[in-house]
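Heads up: take any position in the sequence shown, counting from 1, add 3, and you land on my numbering. Yeah, the Cβ is synthetic: ideal placement off N, Cα and C, and Gly gets one too. Bear in mind that the values here come from a model prediction, so they are computed numbers and not experimental data.
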Amino acid sequence: MNSFEVTVNGRLHRSAVSPRTSLADFLREGIGLTGTHLGCEHGICGACTVLINGQISRSCITYAISCDGAKIETIEGLDDDPLMIELRRTFSEEHALQCGYCTPGMLITARDILARHKDLTPAHIRREMSGNLCRCTGYRGIVRAISRVAALPLAGDRQQSAVGLGPAPGPEADTRPTKPVPKTRVIESSSMPPTRNSPAAGPVEIEVNVSEATQSDGWITIAQTFTLPHPRGKVWPLLSDLEDVCAALPGIELDGPPLDGVV
């Protein structure tokens, strides 16, 4: 279990969760904020959309512990927000909701684009909202509702530096690589908020060398090697604890203690 603290809707929460607990599960099951819905759990449908440090994010694919020290806003925390008040009214009047399951995520995303943009056209609204899926309304009522709020003076008056999630990939999306993928790639350290116990650090470039895939006895092996900018004497003691290593790797679970170096 990992301890962390996060401010949700203005209230500080301190908790301990497993490394793979999603922010959505923590919000729903840990502190009872069930307005954040779970749909696909792959970051595609947008039902789980929340604000993390002012930016819309998919809480179903965000680890709770990665938000240590962050400020989270859910649909419950936006009751008195002027834009949200108008959006709720127009969503109701334009029949922009039916079953309501996608509505919390729709409202948060709509509020975000209204706060960031002025002079929104229906085409612009459709593009910005295409990362939030609805299986009931056909989207026409949603676009009309957002268009009505966009015409009000309060829309676009708080220009934010937040970047929207944008549309989900689709048949017309240009997903072609701009250049061939190299066998050596550079990765950067995470841009998530730093933990409260450590100072913020800038990006650290690490060169990762990727080998050719080999196949033997039905198994495909790909080796990756990299050099860490830390003394060997400090790195190896960390890697020698298999339980700690596995706890930091998504999808890995030990089913028993190591036996002769094999787990």
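CB-CB under 7 Å to residue i, same chain, minus the five flanking residues each way: which ones, in chain order?
i, result
"VAL238", "LEU231"
"CYS3", "Only positions 4 to 266 of the chain appear in this structure, which leaves residue 3 out of reach."
For the alpha helix (DSSP H) that residue i lies in, which residues bound it at each end?
i, result
"LEU110", "106-119"
"THR31", "For the sequence presented, residue 31 should be read as Arg rather than Thr. It is not in any alpha helix (DSSP H) - ARG31 carries neither H nor E in the DSSP assignment."
"GLU44", "Element bounds for GLU44: n/a, residue is neither H nor E."
"HIS127", "125-132"
"ARG138", "Here ARG138 belongs to no alpha helix (DSSP H), and DSSP marks it neither H nor E."
"PRO85", "85-96"
"CYS249", "245-250"
"LEU242", "235-242"
"ALA153", "143-153"
Got a sec? Which residues, its chain only, sit under 8 Å from residue i by beta carbon, not counting five neighbours each side?
i, result
"ARG147", "THR93, GLU97 and ALA99"
"LEU90", "LEU110, ALA113, ARG114, LEU117, ALA148, ILE149 and VAL152"
Confirm, please, whether the CB-CB distance from residue j to residue i is below 8 Å.
i, j, result
"ILE149", "ILE128", "yes"
"SER139", "MET109", "The question names Ser, yet the displayed sequence has Cys at residue 139. Contact: no."
"ILE320", "CYS70", "Past the boundaries of the shown model lies residue 320; the chain is included only from 4 to 266, so the question cannot be answered."
"VAL11", "THR52", "no"
"GLU269", "GLY33", "The chain is shown from 4 up to 266; residue 269 falls before or after that span and cannot be answered."
"ASN135", "GLY49", "yes"
"PRO85", "LEU157", "yes"
Apart from the five residues just before and just after residue i, which ones in its own chain have a Cβ nearer than 6 Å to its Cβ?
i, result
"GLU8", "ARG17"
"THR24", "ALA67"
"THR217", "THR224"
"LEU81", "MET87"
Exposed or buried, residue i, counting other C-beta atoms within 10 Å across all chains shown (16 or more means buried)?
i, result
"ALA251", "exposed"
"PHE269", "Residue coverage of the chain in this structure runs from 4 to 266, which leaves residue 269 outside it and unanswerable."
"GLU215", "exposed"
"VAL20", "buried"
So who's on the other strand from residue i, going by DSSP bridges?
i, result
"GLN218", "ILE223"
"GLN58", "ILE55"
"ASN5", "VAL20"
"SER25", "TYR66"
"VAL11", "ARG14 and ILE75"
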